[in-house]
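Notes for the one structure printed next.
There are 2 protein chains.
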Amino acid sequence: MLRGMVRSPDTRQRLIDSARELIYSRSYADVGVAAICEHAGVRKGSFYHFFPSKQELTLAVLDASFLEIKQQLLDRAFVPDRPPLARLERFLDLAWRFQKQMKEATGHMPGCPFGNLGAELSTRDETIRRKVDAVFSSLRTGMRDLLAEAVQAGDLEPVDIDATAAAMLAYVEGVLLTAKTRNDPDVFKQLAPAMLGIRIPPQAENA
Amino acid sequence: MLRGMVRSPDTRQRLIDSARELIYSRSYADVGVAAICEHAGVRKGSFYHFFPSKQELTLAVLDASFLEIKQQLLDRAFVPDRPPLARLERFLDLAWRFQKQMKEATGHMPGCPFGNLGAELSTRDETIRRKVDAVFSSLRTGMRDLLAEAVQAGDLEPVDIDATAAAMLAYVEGVLLTAKTRNDPDVFKQLAPAMLGIRIPPQAENA
DNA sequence: AGCATAGTTGACTGGTCGGTCCAGTCAAGC
DNA sequence: GCTTGACTGGACCGACCAGTCAACTATGCT
C-alpha cells in the first residue's frame, strides 16, 4: 500500500530545515552536527553524504532562510496594493508579529537569521561572511527599488536611494538586535517605525 | 628594590584582558579557556582559581569592555566643549576611526563588543543577556542625557528622548553590524551620520 | 536477472571542550 | 620557624566536536 520512495524522500531538505531552525534559535557554534541529525531523524553518515561539511550546510541554510524571508515576509509585505511607504509599514508590522510569535513560542527573541550569523561568524569564516553579505545585498536591492518607486510617485523627496536603503536595513537590524538583547518584542514595535524617517541625501552632504 | 607582590601582580586582570581581546576579535564560542590562558600566560588551574567558569569571566569581560568604551570613546566624545549634537558627531567619528584601525590591524571589522555577545548568546545564556542589556541601558542613558541637553539648548525639537536615544543606539549597532558583515569601515562612515536625523516624537504618534 | 548507484547506517577517530583535582610554592602573620 | 592561605602548575576527566569509513540496502536501468 502506497510504498513508494521509502528511502526518505527529502533527507537533504530535512537537514537544511532542522539546521535552519536550530541555528536560528540558538547559534552556529551551539548547534552541533549531531543535534541537527537527531532533529532531522537522520544518521551522521547520511549528513555527510549530502553535505561535505557543516559550513556547506550553513550556506544552504542561508539560501533557504533567504527564500523563506522573501516568500513569507517580502513578497507579502511588498504587494503593490498600496503606496510604497505603506508597504514598508506593513513589512515592519509583519516582522514584528513574527518576532512576537517566536518569543511566545520559545521564550526568546530570535533576531535576524542573517544578522545573527554575520555577527557570530564574519570575523572567522570568510565564505559565510560573503554569503551573508550577498543576502543583505539582495535585501537592500529590494528596499532600494521600493524607495525608487516612492520617489517617482512623489511620496518621498529625492534621496540617495542606495544609501538610504542600506541605512533603513541597518536600522532594522539594529532594532532587531536591541529587541533580542532586551528579549522584548515591544522594543521592536516602539522603535521600528522610525525607520521610515531615515534619509541620506543625494551625493555629498547638504540639508 | 621594590620587590612586593612577586606572585603575578595581576593574573586576574591579564585573563580579563586576554579574553576581551580574543572574544572581541573572534567570538565567545570560538575562544576556549585554553586559548585565553595561553594568551595570558596563565595555567588552567590559575584560571579556575580566579573565575568559577567561562561564563563568569565573560561577565567580567563585559564590565571591562564597558569601562574601556566609556573612557576611550564616550568620555572623549562627550567632552562639553561644543554643542551636544556636535559631540554626537565626534562620537561617530571616533567610533569609525577605531573600527578602521582594527580592520587595518587584523583584517576584520570587529563590530560592537556588546552587540556581538548579545547576538551570539542572548538566546542561550540569560545571565549574559541581562548583562549585555544592562550595558546597553547605560549607553542609552548617556545618549538620553545628551539629547535632553540638546533639547534644552534648542538645538533639537522636543522628542521622546528615551525612545530616540534607544533608536539612535540601535541604528549605530545596525550600522556596525552591516559594516562588519561587509568587512568595510567606509560603510560605517557613509551610513553613521544619518543617526543624527533619527527622531521619535513624544508620546503617541504624530507628525 | 543483474548491475550500478544513490542513499543509509552506526561504529569509529583524533582532537578539543569546559571543568576538576591536588600537590606544590611562596609571602606574610604569628 | 612555623602555620596559614592565596596562588600556581599540570595531569586528568568525561563529554562532545566535526568528520570518516566500509558495509549494507533498496531502487532504477538495461
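Line order of the protein sequences matches chains A and B. Residue numbers for the first sequence follow our numbering, beginning at 2 and rising by one. Residue numbers for the second sequence follow our numbering, beginning at 2 and rising by one. We treat Cβ as the ideally placed atom computed from N, Cα and C, and that holds for glycine.
Between Arg145/A and Ala166/A, the gap from beta carbon to beta carbon is short of 8 Å.
If you ignore the 5 residues before and after Leu95/A, its C-beta comes within less than 7 Å of the C-beta of Leu74, Arg77 and Ala78, all in its own chain and listed in chain order.
Judged by DSSP secondary structure, Phe99/B falls within the alpha helix (DSSP H) whose first and last residues are Pro85 to Thr107. Of the residues Asn184/B, His109/B, Phe115/B and Lys132/B, the one whose Cα lies closest to the Cα of Gly175/A is Phe115/B. Gly198/A reaches chain B at Gly198, Ile199 and Arg200, counting residues in chain order whose Cβ is nearer than 8 Å. Ranked by Cα distance from Glu150/A, the first of Leu60/A, Arg125/A, Ile37/A and Leu89/A is Leu89/A.
Boundaries cannot be given for Gly155/A, as no alpha helix (DSSP H) includes it and DSSP labels it neither H nor E. Taking C-alpha positions only, Tyr49/A is separated from Ser19/A by approximately 15 Å. When secondary structure is reduced to three states using DSSP, Asn184/B falls in the coil class, being assigned neither helix nor strand. Within the region 6–64 of chain A, the runs of alpha helix (DSSP H) at least 4 residues long that lie entirely inside it are, in chain order, 12–26, 34–41 and 45–51. Of the residues Val34/A, Ala41/A, Tyr29/A and Leu23/A, the one whose Cα lies closest to the Cα of Asp11/A is Ala41/A. Listed along the chain, the chain B residues whose CB falls inside 8 Å of the CB of Val173/A are Gly175. One alpha carbon belongs to Glu22/A, the other to Leu86/A, and they sit about 31 Å apart.
For Lys181/B, the nearest beta carbon of chain A is closer than 8 Å to its own beta carbon. At the C-beta level, Trp97/A and Ala164/A stay beyond 8 Å of one another. DSSP places Gly198/A in no alpha helix (DSSP H); its state is neither H nor E. In this structure Leu118/B touches Ile129/B by the C-beta definition: roughly 6 Å separates them, less than 8 Å.
The contact set of Arg27/B on chain A, defined by CB atoms closer than 8 Å, consists of Thr124 and Arg125 in chain order. The CB of Asp134/A comes closer than 7 Å to the CB of Thr182 and Arg183 in chain B, given here in chain order.
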